[in-house]
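Note that the protein sequences, when read in sequence, are chains P and R.
So the first sequence is numbered by the UniProt record's numbering: it starts at 1 and just counts up by one.
So the second sequence is numbered by the UniProt record's numbering: it starts at 1 and just counts up by one.
Every residue, glycine too, gets a C-beta built ideally from N, C-alpha and C.
A quick note: this is a predicted structure, and the numbers were derived from the prediction, not measured.
Structure record follows, encoded as structure tokens.
Protein chains: 2
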Amino acid sequence: MAVYTHLGAEQLAELVAAYDVGELVSAKGIAEGISNSNWLIETSGADGTGARFILTMYERRIDTGDLPFFLGLLDHLSAKGCPVPSTIHDCAGSAFRVLDGKTVALIEFLPGVSPTRPTAQQAQAVGAALAQVHLAAADFPLTRANTLDAEANARILEDCGEDRLAQIDPALPAALQRARDLAAHLPSDLPASIIHSDLFPDNVLMRGSTVSGMIDFYFACSDAMAYDLAVTHAAWSFDKSGSCYDAAIGRALIDGYQSVRPLDAAERNALPILAQGACLRFVASRAEDWLDTPGDAHVTRKDPMDFVRRWDFYDENGQQVFA
Amino acid sequence: MAVYTHLGAEQLAELVAAYDVGELVSAKGIAEGISNSNWLIETSGADGTGARFILTMYERRIDTGDLPFFLGLLDHLSAKGCPVPSTIHDCAGSAFRVLDGKTVALIEFLPGVSPTRPTAQQAQAVGAALAQVHLAAADFPLTRANTLDAEANARILEDCGEDRLAQIDPALPAALQRARDLAAHLPSDLPASIIHSDLFPDNVLMRGSTVSGMIDFYFACSDAMAYDLAVTHAAWSFDKSGSCYDAAIGRALIDGYQSVRPLDAAERNALPILAQGACLRFVASRAEDWLDTPGDAHVTRKDPMDFVRRWDFYDENGQQVFA
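In structure tokens, the structure reads:
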């Protein structure tokens, strides 16, 4: 949650002038996104009736070589009616520009707020929206490998090292061997499409029980659709610490998904292990971030153990949960 | 620049329901304000046509006992046509509420962007708007002592101590004696009103050369109007480091002010020393903040020397600048 770069009003006005969106009216740096800076921009609009956008500046973690994939995907999904913001192209047709040496994109603003205590009805809608994205993305012409698959995540934990993992939590080093076992057993032949792969409540905007926006596709990649459902299940169906599973939410999410795209038998069978793979992913990234972040930095570190607890849960109860 | 508190969508929706502003549509934490957290809130509006607000949560530094003064002042100035946001009162008529144990206020959203390289025309408009505020505030019924007058600022520097000041910059301890001298010589009988006392470009929203908003009145207090003009002069007329004075900006600011409220002879004569008092104020607060902020915190510390340089400038050139 930060704005890493100061953009002056004059720079912003000049940037806005490169698009057919009218003149700059207002700009507020917003506290969203961890790998980029974002501004909520208001302009007079191409027709003078006002328009709003999110201006994103890519700061780190994102390879700008991937932007044609990420931004093209937004346009593709949006054109197919998914609740996904489209990219605004500049007067020369480009989906991104360079400002102050950094790459920026102007993206459609979507209304809605992210639920922090989702209802089953909301989870049902999110499941359905995720399936809609999977179906709509099937004919997207670009691909992007999942750079955070189970093997990569096992390697991240290995690079952290047992000693440093133990400093975070004495129970964390046990995840190392579990990660290797998991990587060796995850199925690789499930139906694939482009997946969001990070659909936490933060990345969903809702109005009541309707999904008004799915955002932050910067982990999107080509992978198994059921894995994306498993990620979303792990992200939505527990309290923050992962100690308490909410069966009504988990069930509604899967029902919502299947109302749009029924899972096949192989996918259903794979969900317990895919959910463990999803947990591994966040254990690995949180452990890495934890060790990269000084303890006294004014940044809240996310505890990897929150996802070790989910992992344990899926390990013990996966068969029943996804039956 | 931060949002210190996480507010859930459900908490925000419940808060919004206490006001006659329709339903919550969108909420974004914005990276503004150093003593509070702010959200840009969109609602469906009392009449269903949409409305926007700034939700401010008072985190620290602000004594909530002062809120009737600060928020009442906004309403007073706004009602008199100053470009100042009004406070939205809840359905029970209250200007502020308590949410999650913290005091919050819903404030009118004003369009505009803060200039980072102001033009003389913009400085002229800002001077005029400041004078307008001084005149409009004259009959505001509440008062608030200036807790950051020259004596208080000299004390802040003394509390920092020579050794620690020298750690920031070897030239900084010299400000101590200068501060005592200044505090003894500042005039105390100049025409007074309520002053903003922190009108940096960050706190002014503009559309082209028009002031569309003056914000962040949380240092407002009862004091000499010419001192406020001097603060604004020091805040607007230099490059960031204070090494380079822009005479066209400084002149336009004073001309703009006098186009609405001409200064009397005593005020004109006092401007050189008032401007030094303004510099002292920011030298003191920046030195204090610097020493309070760990060097490795992910927060940019503002260099007090930027205002020592301005102080030197006014000391040497004040008579000509304000002639």
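Q. Does DSSP put P/Ala171 in a helix, in a strand, or in coil?
A. coil
Q: Starting from P/Glu108, follow its DSSP beta bridges and name the residues at the other end.
A: P/Phe53
Q. CA-CA distance, P/Ala226 and P/Gln258?
A. 11 Å
Q. Which residues, taken in chain order from the region 8-19 of chain P, show a beta carbon closer than 9 Å to some beta carbon of chain R?
A. Gly8, Ala9, Glu10, Gln11, Leu12 and Ala13
Q.
Excluding the 5 residues flanking P/Gly213 on each side, which residues of the same chain have their C-beta closer than 6 Å to its C-beta?
A. Pro83, Leu110, Gly112 and Leu205
**Q.** Proximal residues, the region 99-120 of chain P versus chain R, C-beta separation under 7 Å
**A.** Pro111, Gly112, Val113, Ser114, Pro115, Thr116 and Arg117
Q. Helix, strand or coil: how does DSSP classify P/Gly318 here?
A. helix
(Q) Below 7 Å on C-beta distance, what does R/Ala21 contact in chain P? (A) In the sequence as displayed, the identity of residue 21 of chain R is Val instead of Ala. Near R/Val21 there are no residues of chain P at all, since even the closest Cβ is about 15 Å away, more than 7 Å.
Q: Starting from the Cα of P/Gly72, find the closest Cα among P/Ala92, P/Ala13, P/Ser86 and P/Glu59 and give me that residue.
A: P/Ser86
Q: Kindly say whether R/Ala27, judged by its beta-carbon, lies nearer than 8 Å to any beta-carbon of chain P.
A: yes
**Q.** Straight-line gap, P/Arg52 to P/Ala95 (C-alpha atoms, nearest Å)
**A.** 17 Å
Q) Based on the DSSP secondary-structure assignment, which residues constitute the bridge partners of P/Phe238? A) P/Tyr245
Q.
Taking 8 Å as the threshold (beta carbon to beta carbon), is R/Ala278 in contact with chain P?
A. no
Q. In three-state DSSP terms, what is R/Glu103?
A. According to the sequence displayed, residue 103 of chain R carries Thr and not Glu. In this structure, R/Thr103 counts as strand in the three-state DSSP scheme.
**Q.** Any C-beta of chain R under 8 Å from that of P/Ile249
**A.** no
(Q) Just to make sure I have the definition right: I need the residues of chain R whose C-beta is within less than 8 Å of the C-beta of P/Arg207. Which are they? (A) Val25
Q: Compute the distance between the beta-carbons of P/Ala183 and P/Ala150, then report whether it is under 8 Å.
A: yes
Q. Using a Cβ-Cβ distance under 8 Å, would P/Leu40 count as near chain R?
A. yes
(Q) Between the alpha carbons of R/Trp311 and R/Gly29, how many angstroms are there, rounded? (A) 36 Å
Q) Helix, strand or coil: which one does DSSP assign to R/Tyr227? A) helix
**Q.** Inter-residue Cα distance where the pair is P/Met1 and P/Glu32
**A.** In this predicted model, P/Met1 has a pLDDT of only 38, less than 50, meaning its place in the structure is not dependable; the value taken from the coordinates is given anyway. Roughly 5 Å between the two C-alpha positions.
(Q) When you compare the CB positions of P/Leu106 and P/Ile88, do they come within less than 8 Å of one another, or not? (A) yes
Q | Within 8 Å, strictly: CB atoms of R/Ala129 and R/Val211 | A | yes
**Q.** Cβ-based burial, P/Cys91 [other Cβ within 10 Å; buried from 16]
**A.** exposed
Q.
Using 8 Å as the cut-off, can you tell me whether the region 39-57 of chain R makes contact with the region 119-136 of chain P, which would need three or more C-beta pairs spanning the two stretches below that distance?
A. no
Q | P/His196 to P/Phe219 span [Cα, whole Å] | A | 6 Å
Q) Does the Cβ of R/Pro68 have 16 or more other Cβ atoms within 10 Å, making it buried, or fewer, making it exposed? A) exposed
Q.
Taking DSSP's pairing of strands, which residues face P/Val98 in a bridge?
A. P/Thr103
(Q) Quick check on R/Glu42: does DSSP put it in helix, strand or coil? (A) strand
Q: Look up P/Val211 in the DSSP assignment and give the residues it is bridged to.
A: P/Met206
Q: For P/Asp75, I'd like the list of residues in its chain whose CB is within less than 8 Å of its CB, leaving aside the five on either flank, ordered along the chain.
A: Ser86, Thr87 and Ala95
Q: Give the single residue among R/Pro262, R/Leu157 and R/Gly65 whose Cα lies nearest to the Cα of R/Thr103.
A: R/Gly65
Q. Quick one, which of P/Arg144, P/Asp159, P/Leu186 and P/Ala154 has its alpha-carbon nearest P/Ile194's?
A. P/Arg144
Q) Mapping DSSP to helix, strand and coil, what is R/Ile62? A) coil
Q.
Could you give the first and the last residue of the continuous alpha helix (DSSP H) run that contains P/Leu77?
A. Leu67 to Ala79
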